[in-house]
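The sequence shown begins at 36 in our numbering and counts up by one.
First comes the structure, then the notes that go with it.
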Amino acid sequence: MSDTSLGVSDNSVFASLLNKADRIVIKIGSALVFDPKAGQANASWMAGLGDDIAMLRARGKQVILVSSGAIALGREKLNLGRGAIQLAEKQAAAATGQVELVQKWQAALGVHDIQTAQILLAPDDTETRRRHINARATTSTLLELGAVPVVNENDTITTYEIRFGDNDRLAARVAAMISADLLILLSDVDGLYTANPHHDTAAEHISEIHDISDEILAMGGTSHQDFASGGMATKLAAAKIATQAGVAMLICDGQHNRPVSALMNGGRYSLFHAQTSPTTARKNWIAGALDPKGAITLDAGAVTALTAGKSLLPVGVTSLTGPFERGDLVTLLGPDSSVLGHGLAGYSFSEATLLKGQKSAHFEELVGYEGRAELIHADDLVLTTASAKSARSLSDD
36 MSDTSLGVSD
46 NSVFASLLNK
56 ADRIVIKIGS
66 ALVFDPKAGQ
76 ANASWMAGLG
86 DDIAMLRARG
96 KQVILVSSGA
106 IALGREKLNL
116 GRGAIQLAEK
126 QAAAATGQVE
136 LVQKWQAALG
146 VHDIQTAQIL
156 LAPDDTETRR
166 RHINARATTS
176 TLLELGAVPV
186 VNENDTITTY
196 EIRFGDNDRL
206 AARVAAMISA
216 DLLILLSDVD
226 GLYTANPHHD
236 TAAEHISEIH
246 DISDEILAMG
256 GTSHQDFASG
266 GMATKLAAAK
276 IATQAGVAML
286 ICDGQHNRPV
296 SALMNGGRYS
306 LFHAQTSPTT
316 ARKNWIAGAL
326 DPKGAITLDA
336 GAVTALTAGK
346 SLLPVGVTSL
356 TGPFERGDLV
366 TLLGPDSSVL
376 GHGLAGYSFS
386 EATLLKGQKS
396 AHFEELVGYE
406 GRAELIHADD
416 LVLTTASAKS
426 ARSLSDD
């Protein structure tokens, strides 16, 4: 198997990966959060992970949690048992359990003076560009303000047909959406095996995966917990999403009291290497939209700023065509109407028309609220190779 490495995980690989990662998503399964014997949240384990998160933040890392457990906690509170339940009952359990879940994370992180924030997402929130840009902006703002977002699927309003279905894939979508560097899936196993280790004692551990081939996908199994929705197959699906988005993904045993510290001390894991960088992946995602909804014409100064890696500010806009909504793809044009590239609009056409040529100090009086300074953020821009030449010719004039 040329795309795998069998044996003990190399701690130096993880140390290097962690050192380079600025933004980390940690996914926690229901089996870790919920103690079925006690019928309640595993508060001591959550406190241990809280210690690890504080340690990561002390190293300058931003951390996002994608935490399962709401339904398991809610079922217990509502005396629904652990057998099959109807969708409405599942949604009621999610609504009930989500309150306790967030409270437990607040307690685990609050002892370190870390603020938590709840984010509930549905698939459209990460896939539809308009919702994606809002969810990304909110999450990024929380991180910049020093909070730890606690993300879960919005089970209270979604149906089986429109669900992520498991938090492994949700975590991968979130990691891709916010351009994370590393996704850690805390599981009940220490990584990927050639066969299900619960059933096959000859199964061999795989420490590194460079390509998620059909051979690798065939190794996926199913979960043995009756209150969890994700097995190894969903983790492999998550790995495909994450690595294609430029996010390295790691599966490890999360049952240690401080699972991230256990990794740092030589704990075993399976690492799925990213196929590109988060920035390149995001640019490709934006460029993949083939149907621009409008166009924005820029002055020479704005063209120079964009090619220097800066965001598009309304003061540099000379004209617009639409209509387009916030999050829609628009074409960027130079003063000579040449196509410079494309980007995701941070304002609607009607708002952008009001803001055209204006500085941010006037935004609130023009659109009725104090919005972001950028019409299109640099992270949401893709420029053509000809843009740099255009900027140079303009600056020479």
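Beta carbons are placed, not taken as given, at the ideal position from N, Cα and C, and that holds for glycine.
Q) DSSP state of residue 430, grouped into three classes? A) For residue 430, the predicted structure reports a pLDDT of 44, less than 50, and the residue's modelled location is therefore unreliable. A value from the coordinates is still provided. Three-state DSSP puts residue 430 in a helix.
Q. Around the C-beta of residue 270, are 16 or more other C-beta atoms found within 10 angstroms, so that it is buried, or is it exposed?
A. buried
Q.
Tell me which residues share the same chain as residue 386 and place their Cβ nearer than 6 Å to its Cβ, disregarding the 5 neighbours each side in the sequence.
A. 402
Q) So, using beta-carbon positions, are residue 307 and residue 268 closer together than 8 Å? A) no
Q) Taking Cβ positions only, does residue 122 come closer than 8 Å to chain D? A) The structure shown has no chain D; it contains just one protein chain.
Q) residue 327: which of 164, 145, 121 sits nearest, CA to CA? A) 164
Q. Going by the CB atoms, is the gap between residue 183 and residue 98 shorter than 8 Å?
A. Yes.
(Q) So, with DSSP's three-state summary, where would you put residue 74? (A) coil
Q) Where does residue 284 fall in DSSP's three states? A) strand
Q | Three-state secondary structure (DSSP) of residue 242 | A | strand
Q.
According to DSSP, is residue 158 part of a helix, a strand, or is it coil?
A. If DSSP states are grouped into helix, strand and coil, residue 158 belongs with the helices.
Q | Contact check, residue 130 vs residue 191, beta carbons under 8 Å | A | Result yes, Cβ atoms of residue 130 and residue 191 sit closer than 8 Å.
Q.
Taking the beta carbon of residue 371 as the centre, do at least 16 other beta carbons fall within 10 Å, making it buried, or is it exposed?
A. exposed
**Q.** Proximal residues to residue 84 (C-beta, below 6 Å), its chain only, five neighbours per side dropped
**A.** none
Q.
Going by DSSP, what residue range makes up the beta strand (DSSP E) through residue 317?
A. Run containing residue 317: none in the beta strand (DSSP E); it sits in the alpha helix (DSSP H), 313-322.
Q: Find out if the Cβ-Cβ distance for the pair residue 204, residue 316 is shorter than 8 Å.
A: no
Q: State the Cα-Cα distance for the pair residue 188 and residue 113, rounded to the nearest angstrom.
A: 20 Å
Q.
Quick check: the Cα distance between residue 154 and residue 167, rounded to an integer number of angstroms?
A. 13 Å
Q | Rounded C-alpha distance that separates residue 197 from residue 117 | A | Bear in mind that a pLDDT of 41 at residue 197, under 50, signals an unreliable position, so the model cannot answer this.
Q) Tell me which same chain residues have a C-beta within less than 8 Å of the C-beta of residue 75, skipping the five on either side of it? A) 69, 108, 111
Q.
Given this structure, state the Cα-to-Cα distance separating residue 287 from residue 63, to the nearest angstrom.
A. Separation of residue 287 and residue 63 (C-alpha to C-alpha, rounded to the nearest whole angstrom) is 11 Å.
**Q.** Among 351, 417, 277, the one whose alpha carbon lies nearest that of residue 339
**A.** 351
(Q) Comparing C-alpha positions only, which one of 419, 213, 138, 71 sits nearest to residue 173? (A) 213
(Q) Taking its Cβ as the centre, do 16 or more other Cβ atoms sit within 10 Å of residue 233, making it buried, or is it exposed? (A) With fewer than 16 Cβ atoms within 10 Å of its Cβ, residue 233 is classed as exposed.
Q. What residues in its chain sit with their C-beta under 7 Å from that of residue 263, if we drop five residues either side in the sequence?
A. Note that residue 263 scores 40 on pLDDT, short of 50, meaning its location in the model is unreliable; the coordinates nonetheless yield the value given after this. Here the set comprises 64, 65, 66.
Q.
By alpha-carbon positions, which one of 218, 100, 348 ends up nearest to residue 406?
A. 348
Q) Looking at C-beta atoms only, is the number of pairs between the region 219-228 and the region 135-142 that lie closer than 8 Å three or more? A) no
Q. Where does the unbroken alpha helix (DSSP H) through residue 270 begin, and where does it stop?
A. 267-279
Q: Look at the alpha carbon of residue 158 and the alpha carbon of residue 171, and state the distance between them as a whole number of angstroms.
A: Spanning the two alpha carbons is a distance of roughly 13 Å.
Q) So, is residue 425 buried or exposed, given that buried needs 16 or more other C-beta atoms within 10 angstroms? A) Summary for residue 425: the model assigns pLDDT 49, below 50, so the residue's position carries little reliability; its value from the coordinates is reported in the next sentence. Its Cβ being crowded by 16 or more others within 10 Å, residue 425 is buried.
Q) In angstroms, rounded to a whole number, what distance separates the CA positions of residue 50 and residue 390? A) 47 Å
Q. Considering only residues of the same chain and omitting the five flanking positions on each side of residue 181, which have a CB-CB separation below 7 Å?
A. 150
Q. So what does DSSP say about residue 331, is it helix, strand or coil?
A. strand
Q: Compute the distance between the beta-carbons of residue 333 and residue 369, then report whether it is under 8 Å.
A: yes
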